[in-house]
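Below: one structure, written as structure tokens.
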Amino acid sequence: MGLRLTRAADYAVRAMMHLGSLPEGGVALKDEIAHAQHTPPSFMAKILRQMVKTGLLRSARGVHGGFCLLRPAAEISLLDIVESIEGPIQLTDCAPEPDRCTLSHDCPVSGVWLEVQRQMTTLLRNTSLEALLCAPRKNRRAVYSLDAHRARFAPGAGPA
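This note's numbering numbers the first residue of the sequence shown as 12 and each following residue consecutively.
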């Protein structure tokens, strides 16, 4: 299958985008989010509970209950969302902590893994939920531009 995020992380990002697109103070029910994002409701419930536990969402029971963002979308990064489901990103045993690997002192590839780890986490950290929600779309695909240190959505950039 190759290197990839889990389905749970993908669903978490989609759920957060759904919740972030609601009017300020808006809440959504688990089944509503699951239906809108084409995800199994029981799986969505597990994902939403985890994001409540990690402090990204608030949940409330009752007539006016549901799920909502705990912080503004501008203060939630893609890294926050992914790590709430996956835990800390660790590309290999030596990244991000080379001292944990007994071979890193003499390994020509450990520097590459460390740099891939650094760039990946930087990109995810610099991409806010708000940026994803405000992304211009072209043919239903976000138009995304990367510069050396900042992920951003920009008109006229090549398709994602």
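Using N, Cα and C, we set each Cβ at its ideal position, and we do this for glycine too.
Small disclaimer: the values here were computed from a predicted structure and weren't measured.
Bounding residues of the alpha helix (DSSP H) (the contiguous stretch that carries residue i)
i: ARG18; result: 18-31
i: PRO52; result: 52-64
i: VAL5; result: Coverage of the chain is limited to positions 12 through 171, which leaves residue 5 absent and any answer about it impossible.
i: HIS46; result: 41-47
i: LEU172; result: Outside the shown range of the chain (12 to 171) lies residue 172, about which nothing can therefore be said.
Proximity of residue i and residue j at Cβ, strictly below 8 angstroms
i: GLN61; j: ILE96; result: yes
i: GLY77; j: VAL38; result: yes
i: LEU135; j: VAL93; result: yes
i: ASP117; j: ARG111; result: no
i: TRP124; j: LEU102; result: yes
Residue i - containing beta strand (DSSP E), residue span
i: SER70; result: 68-71
DSSP state of residue i mapped onto helix, strand, coil
i: VAL122; result: Before going on, a small fix: residue 122 reads as Gly here, not Val. Helix, per DSSP.
i: LEU80; result: strand
i: THR133; result: helix
Rounded straight-line distance, which links the Cα of residue j to that of residue i
i: ARG72; j: TYR22; result: 22 angstroms
i: ALA56; j: GLN130; result: 31 angstroms
i: LYS41; j: LEU59; result: 8 angstroms
i: ARG25; j: LEU144; result: 11 angstroms
i: ILE100; j: THR133; result: 11 angstroms
i: ALA47; j: LEU30; result: 11 angstroms
i: SER121; j: SER70; result: 42 angstroms
i: PRO51; j: ALA45; result: 6 angstroms
i: LEU81; j: LEU68; result: 5 angstroms
i: LEU33; j: MET27; result: 10 angstroms
i: ALA19; j: PRO147; result: 25 angstroms
i: GLY36; j: LYS64; result: 20 angstroms
i: ARG15; j: THR113; result: 26 angstroms
i: CYS79; j: GLU43; result: 12 angstroms
i: PRO119; j: GLU126; result: 13 angstroms
Determine contact between the region 85-96 and the region 133-145, defined as no fewer than three beta-carbon pairs at a distance below 8 angstroms.
Taking 8 angstroms as the limit for Cβ pairs, the verdict is that the region 133-145 does touch the region 85-96.
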